[in-house]
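Residue numbers (the numbering used here), protein chains in the order written: chain A, 56 to 908; chain B, 80 to 315.
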Amino acid sequence: MKKDRILPEALPGFRWLLTMAWRDSRKSRTRLSLFMSAIVLGVAALVAIFSLSDHVRGDINEQAKELLGADLVLEAHRATDSAVQKMVDTLGDRRSRDCRFASMVTFPKGGGTRLVQVIALEGDYPYYGRFETIPTHADTDFRRGQQALVDKTLMLQYDAKVGDSIRVGELHFVIAGMLTQAPGRTGLSTTIAPPVYIPFRYLEQTGLLQKGSRFTYSFYFRYADPQKMNRQLSAIQPVLEHEGLNYETVASRKKDTGRQFEDLSQFLTLIGFVALLLGCIGIAGSINIYIREKIPSIAILRCLGAGIRQTFLIYLIQVTLLGWVGASVGAGLGTAIQQLLPLVIKDILPVRISTGISWLSIAKGVGIGVVASFLFALLPLLSIHRIAPLYTLRAPVEPGSERQNLRQILVFSVILVLIILFTRWQMQSWTQALIFSGGILAAFLLLTGVALLLRSTVRRFFPHSLNYLWRQGFANLYRPNNQTILLVVTIGLGAMFIGTLYFVQDMLMKRVAMSADNNQPNIVLFDIQPGQKAAVEQLVKAHHLPVYQNLPVVTMRIEEIKGHNAFQAKEDSISGIPARAFDGELRVTYRDSLTNTEELTAGKFETKPHTSGEPVYISLDESYARRLRVSVGDSMVFNVQGMLLPAVVGSLRKVDWQRFQTNFRVVFPLGVLEEAPRFYVIVTRVPSAEVSAGFQRATVKAFPNISIIDLALVLKVLDEVLRKMGFVIRFMTAFSIATGLVVLMASIYVSKVQRVRETVLLRTLGAGRKQIFTINVLEYCFLGMLAAGTGLLLSLAGGWALSEFSFDASFRPPFIPIVVIFFSITLLTALIGLLSIRNVVSTPPLEILRKEI
Amino acid sequence: MMDYMLKVDRLCKSYQSGARCLTVLHDVSFTVETGSVLAITGPSGSGKTTLLGLCAGLDQVTSGTIELNGLRLDNAGEEERASIRNRYIGYVFQNFQLLPTLTALENVMVPLELQGKRNIRPQAVELLEKVGLADRLHHYPVQLSGGEQQRVSIARAFSTHPRILFADEPTGNLDEETSSKIIPLLFELNREAGTTMVIVTHNADLAKSTQRIIRLKGGQIMEDKPTGDTTPVVQN
Chain A
56 MKKDRILPEA LPGFRWLLTM AWRDSRKSRT RLSLFMSAIV LGVAALVAIF SLSDHVRGDI
116 NEQAKELLGA DLVLEAHRAT DSAVQKMVDT LGDRRSRDCR FASMVTFPKG GGTRLVQVIA
176 LEGDYPYYGR FETIPTHADT DFRRGQQALV DKTLMLQYDA KVGDSIRVGE LHFVIAGMLT
236 QAPGRTGLST TIAPPVYIPF RYLEQTGLLQ KGSRFTYSFY FRYADPQKMN RQLSAIQPVL
296 EHEGLNYETV ASRKKDTGRQ FEDLSQFLTL IGFVALLLGC IGIAGSINIY IREKIPSIAI
356 LRCLGAGIRQ TFLIYLIQVT LLGWVGASVG AGLGTAIQQL LPLVIKDILP VRISTGISWL
416 SIAKGVGIGV VASFLFALLP LLSIHRIAPL YTLRAPVEPG SERQNLRQIL VFSVILVLII
476 LFTRWQMQSW TQALIFSGGI LAAFLLLTGV ALLLRSTVRR FFPHSLNYLW RQGFANLYRP
536 NNQTILLVVT IGLGAMFIGT LYFVQDMLMK RVAMSADNNQ PNIVLFDIQP GQKAAVEQLV
596 KAHHLPVYQN LPVVTMRIEE IKGHNAFQAK EDSISGIPAR AFDGELRVTY RDSLTNTEEL
656 TAGKFETKPH TSGEPVYISL DESYARRLRV SVGDSMVFNV QGMLLPAVVG SLRKVDWQRF
716 QTNFRVVFPL GVLEEAPRFY VIVTRVPSAE VSAGFQRATV KAFPNISIID LALVLKVLDE
776 VLRKMGFVIR FMTAFSIATG LVVLMASIYV SKVQRVRETV LLRTLGAGRK QIFTINVLEY
836 CFLGMLAAGT GLLLSLAGGW ALSEFSFDAS FRPPFIPIVV IFFSITLLTA LIGLLSIRNV
896 VSTPPLEILR KEI
Chain B
80 MMDYMLKVDR LCKSYQSGAR CLTVLHDVSF TVETGSVLAI TGPSGSGKTT LLGLCAGLDQ
140 VTSGTIELNG LRLDNAGEEE RASIRNRYIG YVFQNFQLLP TLTALENVMV PLELQGKRNI
200 RPQAVELLEK VGLADRLHHY PVQLSGGEQQ RVSIARAFST HPRILFADEP TGNLDEETSS
260 KIIPLLFELN REAGTTMVIV THNADLAKST QRIIRLKGGQ IMEDKPTGDT TPVVQN
């Protein structure tokens with residue numbers, strides 16, 4: 056008897072697969088939900104950032120005019136001549152102007168002095184938006200008389216009140232109000248240079264308008280007809296280029312602000328993405344163990360006639376649906392978190408940030424979360440192909456087939472490609488995307504490697520003479536199906552982020568602080584007029600302070616580089632000369648010798664005074680020369696306040712810019728600039744804060760036009776800026792740490808049945824609740840220590856590499872913060888671990904066994 | 080001409096264990112007539128379960144042929160074997176092998192659902208009533224006793240009206256009293272359905288209840304005889 060071969064029948068429909076997926080998940084839903092919660096925070100971070108970006112883009116569009124305060128702004132870095140003034144007077148329907156510069160102010164009430172940005176304003180600027188002041192009418196009041204608007208932080212710092220006076224140069228102004236917000240200004244920019252507004256008409260009388268000092272003149276125009284502005288702007292373009300005037304329109308400001316925000320948003324998105332990847336790795340680990348537990352059920356299904364594909368689809372449906380749920384919860388959480396983000400970044404952005412539901416961002420976040428969790432879950436799910444129905448009879452010996460390995464390689468490749476594509480989407484550059492993706496891969500591999508090494512080292516050197524509880528707690532890290540390495544990687548990455556961030560901040564602060572150690576200068580006086588030079592030097596000496604440097608500074612612009620002017624450089628990209636080189640102002644000095652912070656690297660430094668008829672040989676900082684694409688022998692033309700001055704690059708110098716003293720990109724020889732408008736800079740050192748305060752008061756009183764940079768103030772400002780930036784990064788990094796802890800909870804849940812069995816066995820053998828509790832405490836402490844140790848070890852390596860290759864300083868790791876980070880993460884891990892198993896320890900074993908098994 | 084449900088010819092099964100090749104079944108041949116009941120016995124490690132797994136399409140042969148209901152199992156692909164299992168084979172396992180997340184009723188329904196059949200609930204309920212579990216339809220395996228779980232397993236095995244039923248130590252996890260109730264139930268349902276049945280067992284009484292006993296030792300057939308007849312048969 057021979058019958059026909061049988062071919063597989065039509066598969067039961069998708070509905071049956073759904074039903075089976077639902078039925079099979081009955082006893083595991085809580086567990087599966089916990090697995091999937093690992094992606095919740097990553098998706099939340101992404102949705103929060105996407106939503107914020109979405110809203111900020113809208114806010115920038117809506118508030119673009121308020122950012123600039125006018126339709127058109129022209130900016131000049133020197134006093135305008137009559138021709139330019141004439142042109143300015145023809146522009147716009149309404150006009151305002153201001154002159155801004157750095158200067159010392161004094162609060163006579165307390166005697167405090169500080170370097171601020173003085174802005175002398177004329178006209179009704181801003182035309183869009185307004186100065187936000189306390190009292191509100193101060194915005195208009197201060198323009199009427201000899202009154203000033205003073206930045207809020209400055210007033211709080213010097214305990215100044217409205218109605219007090221402030222001295223700017225030679226004049227005293229009554230403080231009309233406290234400035235809380237000005238158009239286009241960010242909290243960060245006011246931290247660095249707090250503004251003081253005064254009416255323009257008093258500028259002359261302040262005595263601060265000295266030749267050679269650094270001033271920026273801005274002209275603000277309001278247009279009723281935008282077409283008119285475009286016509287006028289086209290017409291004056293040649294003059295603007297010729298006079299070296301910059302201009303800004305609402306559109307260009309919008310673009311600039313948008314670009315700044317995109318950089319920030321890109322950075323935060325990538326941090327969020329790393330949190331998502333961590334969560335996905337957690338999912339892969341948990342699903343791997345879940346599938347191992349499901350082997351009997353899978354084998355039974357196969358035995359009853361379910362095909363490999365059907366069985367695979369049942370579990371794929373489960374994880375995909377849960378991925379949707381996890382991503383959706385994450386999207387909800389992200390939308391809620393978005394409400395907090397404006398508080399976090401308010402000091403960095405110059406716009407009022409709105410919040411709300413962004414469906415596009417939710418769709419993007421959920422999409423990324425679902426795809427990522429699907430792919431990562433696919434890796435362990437592929438092992439279903441290996442589970443033979445024979446398992447119902449006995450565990451078969453079945454090595455992974457080559458086909459199976461190929462499938463896993465394929466999924467790995469897809470994951471890697473998608474990571475690269477995502478980062479490319481964020482960074483808009485293939486190179487950066489590849490570097491970032493490679494970096495992530497390397498970080499994960501490195502963390503895994505260090506974790507493995509650390510774990511095996513600890514195992515090798517673990518004191519086996521310790522009592523049973525300690526040994527058992529430690530041995531638990533090696534139990535079958537343990538997730539130790541996975542947890543060390545996820546929690547360790549968070550520790551690495553926090554550690555590295557801290558070390559970089561610490562290094563930056565130490566670098567600046569150390570620059571003033573060992574009798575190094577810590578005070579710079581600048582804007583000293585030629586006539587004041589001798590008197591100021593005398594004042595310094597009268598306070599028994601040393602004069603380290605007393606140098607002339609001349610302000611100029613680059614007119615030509617190797618025969619190319621700004622326009623030609625812009626048109627000719629082959630020359631490689633950056634068009635930006637022509638934009639800014641240069642401050643140069645002239646001298647006949649190198650300083651102790653300089654080292655000649657090429658050419659010959661001109662030590663003799665220049666003789667007429669000979670080329671002017673200048674010396675350039677070598678990195679600056681690299682940027683300008685010039686070398687020894689190349690020609691340059693400088694514009695010294697209207698006068699063109701040809702020169703030849705005679706030498707290149709390596710300059711140590713990290714010292715707190717004046718360094719120059721360009722040094723002229725003697726005999727060229729002596730007659731040019733200039734000011735002097737004196738560098739000294741004060742031994743204490745008291746001497747510094749007294750000296751500054753005396754200087755400002757005698758020479759109100761002189762500005763003082765105090766290293767103590769620089770440190771304070773730097774600290775504030777790093778604190779504000781660091782807060783944003785820490786906020787996002789918290790998602791990675793939290794994801795690591797969620798993965799920890801999930802993996803504890805995964806091993807719960809095993810833990811229950813162990814507990815029951817231990818109790819049967821006579822272990823008390825306290826002993827079982829101790830074993831678990833020790834296990835989680837070991838785990839936390841391994842994770843924190845791995846992360847900190849890598850961040851220390853990173854900190855060392857940064858100090859060695861980037862900061863050029865010896866790396867001294869801060870001991871106390873390392874200990875604090877180490878123990879905080881260990882304790883947090885132990886706490887979360889104990890919370891997750893508390894019912895295992897405290898409930899009668901039989902009761903749990905009935906529930907769990 | 081004799082009608083065979085199962086025909087095994089020169090069957091070998093070996094496993095690779097490191098560098099060593101372990102042969103579990105060596106040149107095994109026999110046939111099982113349609114509608115007959117056969118017991119396979121033998122000491123532990125004799126290859127009983129391996130033979131059952133191969134005959135039931137749960138594993139792949141190393142060499143030799145297996146024909147079940149006229150269909151070659153030895154050269155069928157995994158998906159094809161899955162379909163054969165679902166349509167022609169029923170299983171009863173020593174440790175019941177019920178899906179822990181499904182109720183008794185759902186466990187019985189699954190094979191029918193895999194066949195794509197509709198309105199199967201009454202049929203599954205009837206089977207469970209037949210095995211005496213009318214009041215346990217919605218209980219999960221963990222809520223049932225061992226005997227009850229095996230009843231569900233038997234009901235599930237007969238749900239698709241299989242042509243052949245393989246039972247691996249069906250009473251191995253049950254006490255004597257429960258076993259004495261399960262075995263008659265199994266045989267009764269088998270008689271009703273006219274199914275061919277192959278039972279792997281250590282239980283001599285159970286083996287004697289069948290029509291024929293094959294005794295394995297060291298992966299080879301030592302004895303193949305009808306029950307009540309102890310004369311060894313010569314293998315061909």
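Quick reminder that beta carbons are idealized off the backbone N, C-alpha and C, glycines included.
Just so it is clear, the structure is predicted and the values come from calculations on it, not from any experiment.
Beta carbon proximity, residue i to chain A, threshold 8 Å
i        : result
B:Arg99  : no
B:Glu205 : no
B:Val189 : yes
B:Asn165 : yes
B:Ala272 : no
B:Arg242 : no
Close-in-space but distant-in-sequence residues of the same chain around residue i (CB under 8 Å, 5 per side omitted)
i        : result
A:Leu768 : Arg169, Leu170
A:Ala634 : Ala621, Ala624, Lys625
Close beta carbons around residue i, own chain, < 6 Å, minus the five adjacent residues each side
i        : result
B:Leu131 : Phe245, Asp247, Val279
B:Thr141 : Cys91, Lys92, Ser93
A:Leu129 : Phe274, Leu300, Tyr302
Any chain B beta carbon closer than 8 Å to residue i
i        : result
A:Ala443 : yes
A:Ala361 : yes
A:Ile344 : no
A:Thr85  : no
A:Leu448 : yes
A:Arg812 : no
A:Ser352 : yes
Contact under 8 Å by Cβ, residue i with residue j
i        : j        : result
A:Ile338 : A:Phe90  : yes
A:Val671 : A:Pro701 : yes
A:Leu234 : A:Leu204 : yes
A:Gly705 : A:Glu661 : yes
A:Ile346 : A:Thr447 : no
A:Thr656 : A:Lys709 : yes
A:Leu101 : A:Leu331 : yes
B:Ala183 : B:Leu285 : no
B:Ile243 : B:Thr275 : yes
Sequence-distant residues of the same chain with beta carbon closer than 7 Å to residue i, five excluded per side
i        : result
B:Gly273 : Gly114
A:Asp561 : Pro869
B:Phe237 : Gly169, Leu206, Leu268, Ala272
A:Arg407 : Asp114, Gln118
For residue i: DSSP bridge partner residues
i        : result
A:Ser762 : A:Phe581
A:Pro701 : A:Val692
Are at least three pairs of beta-carbons, each pair with one atom in the stretch 113-129 of chain A and one in the stretch 302-320 of chain A, less than 8 Å apart? yes
Can at least three beta-carbon pairs, one atom from the stretch 642-649 of chain A and one from the stretch 715-724 of chain A, be found at a separation below 8 Å? yes
Pair every Cβ in the stretch 83-93 of chain B with every Cβ in the stretch 866-881 of chain A, then say whether three or more of these pairs are closer than 8 Å. no
Segment contact flag, the stretch 408-426 of chain A with the stretch 123-143 of chain A, C-beta cutoff 8 Å, min 3 pairs: Judged by Cβ distances under 8 Å, the stretch 408-426 of chain A makes no contact with the stretch 123-143 of chain A, as fewer than three pairs qualify.
On the three-pair Cβ rule with 8 Å, is the stretch 280-292 of chain A touching the stretch 207-225 of chain A? no
Three or more C-beta pairs below 8 Å linking the stretch 90-101 of chain A and the stretch 369-378 of chain A: yes
Quick one: any contact between the stretch 287-303 of chain B and the stretch 99-117 of chain B, if contact means 3 or more CB pairs under 8 Å? yes
At least three beta-carbon pairs within less than 8 Å, the stretch 233-253 of chain A to the stretch 191-209 of chain A: Using a C-beta cut-off of 8 Å, the stretch 233-253 of chain A makes contact with the stretch 191-209 of chain A, since at least three inter-stretch Cβ pairs fall below that distance.
Pairing CB atoms from the stretch 80-87 of chain A with CB atoms from the stretch 383-392 of chain A, are three or more of them under 8 Å? Taking 8 Å as the limit for Cβ pairs, the verdict is that the stretch 383-392 of chain A does not touch the stretch 80-87 of chain A.
Just checking, does the stretch 467-487 of chain A make contact with the stretch 517-525 of chain A on the three C-beta pairs under 8 Å criterion? Put simply, the stretch 467-487 of chain A does not touch the stretch 517-525 of chain A. Fewer than three CB pairs are less than 8 Å apart.
Would you call the stretch 825-833 of chain A and the stretch 524-540 of chain A in contact, with 3 or more CB pairs under 8 Å? yes
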